[in-house]
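**Q**
Numbering (my numbering), first residue to last: 363 to 923.
#1: Between the segment 405 to 418 and the segment 479 to 493, do at least 3 Cβ pairs fall closer than 8 angstroms?
#2: Residue 375 bridges to which residues according to DSSP?
#3: Ordered along the chain, which non-local residues of its own chain (more than five positions away) have a Cβ less than 7 angstroms from that of residue 742?
#4: Taking just the CA atoms, how far does residue 674 sit from residue 581?
#5: Mind pulling the alpha helix (DSSP H) runs of 4 or more residues that sit fully within the segment 807 to 889?
#6: Can you tell me whether residue 895 is helix, strand or coil according to DSSP?
#7: At the level of alpha carbons, what is the spacing between residue 467 and residue 507?
#8: Terminal residues of the continuous beta strand (DSSP E) containing residue 490?
#9: Locate the beta strand (DSSP E) running through residue 422, then write down its first and last residues.
#10: Counting along the chain, where does the beta strand (DSSP E) carrying residue 509 start and finish?
#11: In or out: residue 603 buried (at least 16 other Cβ within 10 Å) or exposed?
#12: Where do the N-terminal and C-terminal ends of the beta strand (DSSP E) with residue 669 fall, by residue?
#13: How long is the line joining the alpha carbons of residue 666 and residue 770, rounded to whole angstroms?
#14: Where does the unbroken alpha helix (DSSP H) through residue 685 begin, and where does it stop?
#15: List the endpoints of the continuous alpha helix (DSSP H) containing residue 804.
#16: If you check the beta carbons only, do residue 442 and residue 567 fall under 7 angstroms apart?
#17: My output table needs one value for residue 745: the three-state DSSP class, helix, strand or coil.
#18: For my contact list, residue 579 and residue 632 are in at a C-beta cut-off of 8 angstroms; report their separation, rounded to the angstrom.
#19: For residue 390, list the residues DSSP reports as bridge partners.
#20: Note the first and the last residue of the continuous beta strand (DSSP E) segment covering residue 913.
#21: So, with DSSP's three-state summary, where would you put residue 528?
#22: Quick one: which unbroken beta strand (DSSP E) runs of 3-plus residues sit fully inside the segment 622 to 673? Chain order, please.
#23: Return the CA-CA distance between residue 560 and residue 427, expressed in angstroms with no decimal places.
#24: Could you have a look at residue 774 and say whether DSSP puts it in helix, strand or coil?
#25: Anyone know if the C-beta pair for residue 584 and residue 849 falls short of 7 angstroms?
#26: Using a 10 Å radius around the Cβ and a threshold of 16 neighbouring Cβ atoms, would you call residue 696 buried or exposed?
#27: Out of curiosity, what's the CA-to-CA distance linking residue 832 and residue 790?
#28: Is the beta carbon of residue 379 less than 7 angstroms from the beta carbon of residue 534?
#29: Along the chain, where does the alpha helix (DSSP H) that runs through residue 598 open and close?
#30: For a test of the three-state rule: what should DSSP assign to residue 785, helix, strand or coil?
#31: So, does the segment 729 to 741 touch the segment 765 to 783, judging by three or more C-beta pairs under 8 angstroms?
#32: Helix, strand or coil for residue 794? Go by DSSP, reduced to three states.
#33: In terms of residue numbering, what span does the beta strand (DSSP E) encompassing residue 575 cover?
#34: Would you call the CB atoms of residue 611 and residue 668 closer than 7 angstroms?
#35: Drop a sphere of 10 angstroms on the beta-carbon of residue 499, count the other beta-carbons inside from all chains shown, and report buried for 16 or more, exposed for fewer.
#36: How about the segment 539 to 551 and the segment 852 to 870: do they share at least three Cβ pairs that are nearer than 8 angstroms?
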């Protein structure tokens, strides 16, 4: 059958690149007293490649004489993919050889058993399985998010491993945006947020590469902000947005009403960033229909009647705060809906949105001291931003932050003029994950987890706390917790917008504002992709304390004061 005929049958070409990665460290081997042993495990760090040969002087030998021997490998960074095991030879009663493979985002997850107090799971994708391996051949297993791999020989005999490689699946795309400053920690945080989202750009734009591996429009909002700052206009965003639209025909909502609002807000921000009017026109029918459905949830007295009101999981313990935050989201939805429908010439829906926004503003539920709710209320204009920051968001920060809504807390604080507080929270909160060994940002993080915590790239020593297996709540208890979650990338987008200071004033960057905030930095420079080309900026503090700015903008972009 020809390739042409296969394409006619609907052959889909995978847009991702497939690469192989060698392990960087050997973290652990069994040390059995009954004769079972691991011989020359360091040979697996010698870049032996995946092509099996009869001559393999660096082979690692697993010898099973009553107890399963095992090894734990570190690939040095979080990645999406699986494991390729190349076997030279073996001596067994039969030719069927079984190994157990455990993949983990932390070293302790890779060492865990399914279930138990650590709550290790195979949910959404298998990461702990028994696999048959072929002698004088290669075997591949898994497609998940991981950094660590443990391999145990289950059958008695001797197995020679030529290599164990990670199979890395990713989109090979250019980092068009950049951020560099006099603070190496901020630089690392920007890069880590960018890489976190990059890994989640798989078939669609996912929330996590281990769990859930799904398209969630709420999670997408900070992810899309990061994509715009790092990669520019990329097809994965409209394809993911259209996927959720088509799988959630009206009057259905996208999993919950608030996540349908996030779909609307992504449409607004995507248009402001890239100015793709053709794509916006394609959303006309669904967008106006969605606004009418949301309007039906606003009661005559300005309250909102929705099932499953939701902001993020940590906010769920404060129902009054959730009510206030959902109210603010509806205000933001009406604001964005009116702007988009005005562009589309949908005057009747514009009037509906404006009327509902006025009604919603007549009653603003108390934030109940929820940082999530206060941030949204401030951004929606329901609460004075300085008051929201001073009374709710800033006190004890970053205590009470969440990796998702931390982005909106940063935005609200910046709009209130508290750039110093934003810098401190980014360094402490997102920097705290890096201090614990993270190479991507997590589904959730509480600053108190830092207390007496072991790093995730080591086996937890006595007297220390295994952060991954111990903490977490709701749907992410213990090892089920995702350590690569795109909604946690907010500082990347925030640093590009508020420190580099680059914001579109008109759709598609026809006009742009460049307004830096250096705080305690000596200098910052970087790039921002636009539909017209790359904007280059550098801001440097002079001896008198003033900031000198140099920039280059492509043709078609006007810089305004």
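Glycine included, each C-beta is placed from N, C-alpha and C at the ideal position.
None of these values were measured; they are calculated from a predicted model.
**A** A quick look at the data gives this:
#1: No, because fewer than three Cβ pairs between the segment 405 to 418 and the segment 479 to 493 fall closer than 8 angstroms, the two stretches do not touch.
#2: As a position in the chain shown, residue 375 is number 13, starting the count at 1. Beta-bridge pairing links residue 375 to no other residue.
#3: Here residue 742 corresponds to residue number 380 of the chain shown, with the count starting at 1. If you ignore the 5 residues before and after residue 742, its C-beta comes within less than 7 angstroms of the C-beta of 690, 693 and 694, all in its own chain and listed in chain order.
#4: The sequence position of residue 581 within the chain shown is 219, counting from 1. The sequence position of residue 674 within the chain shown is 312, counting from 1. In this structure, the straight-line span from the alpha carbon of residue 581 to that of residue 674 is close to 10 angstroms.
#5: Within the segment 807 to 889, the complete alpha helix (DSSP H) runs of at least 4 residues fall at 829 to 832 and 852 to 856.
#6: Along the chain shown, read from residue 1 onward, the residue named residue 895 stands at position 533. Here residue 895 sits in strand by DSSP.
#7: As a first step, residue 467 is located in the chain shown; it is residue number 105 there, counting from the start. As a first step, residue 507 is located in the chain shown; it is residue number 145 there, counting from the start. The C-alpha of residue 507 is placed about 7 angstroms away from the C-alpha of residue 467.
#8: Locating residue 490 in the chain shown gives position 128, counting from the first residue. Residues 490 to 495.
#9: In the chain shown, the residue the question calls residue 422 occupies position 60. Looking at the DSSP string, the run of the beta strand (DSSP E) that includes residue 422 is 422 to 426.
#10: Position 147 of the chain shown holds residue 509. It spans 499 to 515 - the beta strand (DSSP E) in which residue 509 sits, taken as one unbroken run.
#11: Residue mapping note: residue 603 aligns to position 241 of the chain shown, counting from 1. Burial call: buried.
#12: In the chain shown, residue 669 corresponds to position 307, counting from 1. Careful: residue 669 lies outside any beta strand (DSSP E) and carries neither H nor E.
#13: Your numbering for residue 666 matches position 304 in the chain shown. Your numbering for residue 770 matches position 408 in the chain shown. Distance between the alpha carbons of residue 666 and residue 770: 22 angstroms.
#14: Position 323 of the chain shown holds residue 685. Residues 681 to 706.
#15: In the chain shown, residue 804 corresponds to position 442, counting from 1. Boundaries for residue 804: no alpha helix (DSSP H) harbours it, and the DSSP string shows neither H nor E there.
#16: Residue numbering aside, residue 442 sits at position 80 when the chain shown is read from its first letter. Residue numbering aside, residue 567 sits at position 205 when the chain shown is read from its first letter. When the beta-carbon positions are compared, residue 442 and residue 567 stay at least 7 angstroms from each other.
#17: Indexing the chain shown from 1 puts residue 745 at position 383. It is coil, neither helix nor strand.
#18: To locate residue 579, count along the chain shown from 1; it is residue 217. To locate residue 632, count along the chain shown from 1; it is residue 270. Wrong, their Cβ atoms sit about 12 angstroms apart, outside the cutoff.
#19: Walking along the chain shown from the start, residue 390 turns up at place 28. Looking at the DSSP assignment, residue 390 forms a beta bridge with 434.
#20: Here residue 913 refers to the residue found at position 551 when the chain shown is read from its first residue. Its beta strand (DSSP E) spans residues 909 to 914.
#21: Taking the chain shown and counting its residues from 1, one reaches residue 528 at position 166. Annotated three-state conformation of residue 528 is strand, per DSSP.
#22: Taking 3 residues as the shortest admissible run, the segment 622 to 673 contains no complete beta strand (DSSP E) segment at all.
#23: In the chain shown, counting from the first residue as 1, residue 560 sits at position 198. In the chain shown, counting from the first residue as 1, residue 427 sits at position 65. For residue 560 and residue 427, the distance between alpha carbons rounds to 44 angstroms.
#24: For the purposes of this step, residue 774 is taken as residue 412 along the chain shown, with counting starting at 1. Residue state for residue 774 is assigned as helix, using DSSP reduced to three classes.
#25: The sequence position of residue 584 within the chain shown is 222, counting from 1. The sequence position of residue 849 within the chain shown is 487, counting from 1. For residue 584 and residue 849, yes; Cβs fall inside 7 angstroms.
#26: As a working note, residue 696 is residue 334 in the chain shown. It is buried - the Cβ of residue 696 has at least 16 other Cβ atoms within 10 Å.
#27: By one-based count along the chain shown, residue 832 stands at place 470. By one-based count along the chain shown, residue 790 stands at place 428. Distance between the alpha carbons of residue 832 and residue 790: 21 angstroms.
#28: To locate residue 379, count along the chain shown from 1; it is residue 17. To locate residue 534, count along the chain shown from 1; it is residue 172. Yes, the Cβ-Cβ distance between residue 379 and residue 534 is below 7 angstroms.
#29: If you number the chain shown from 1, residue 598 lands on position 236. Annotation for residue 598: the continuous alpha helix (DSSP H) segment containing it runs 598 to 609.
#30: Position 423 of the chain shown, counting from 1, holds the residue named residue 785. The three-state reading of DSSP puts residue 785 in helix, counting H, G and I together.
#31: Yes, they touch.
#32: Counting from 1 along the chain shown, the entry for residue 794 is found at position 432. Shown here, residue 794 sits in a helix according to DSSP, grouped into three states.
#33: The residue labelled residue 575 in the question sits at position 213 within the chain shown. Unbroken run through residue 575: none, as it is neither H nor E.
#34: Counting from one through the chain shown, the residue named residue 611 turns up at place 249. Counting from one through the chain shown, the residue named residue 668 turns up at place 306. Not closer than 7 angstroms, so no.
#35: Against the chain shown, residue 499 aligns to sequence position 137. Burial call: exposed.
#36: Yes, the segment 539 to 551 touches the segment 852 to 870.
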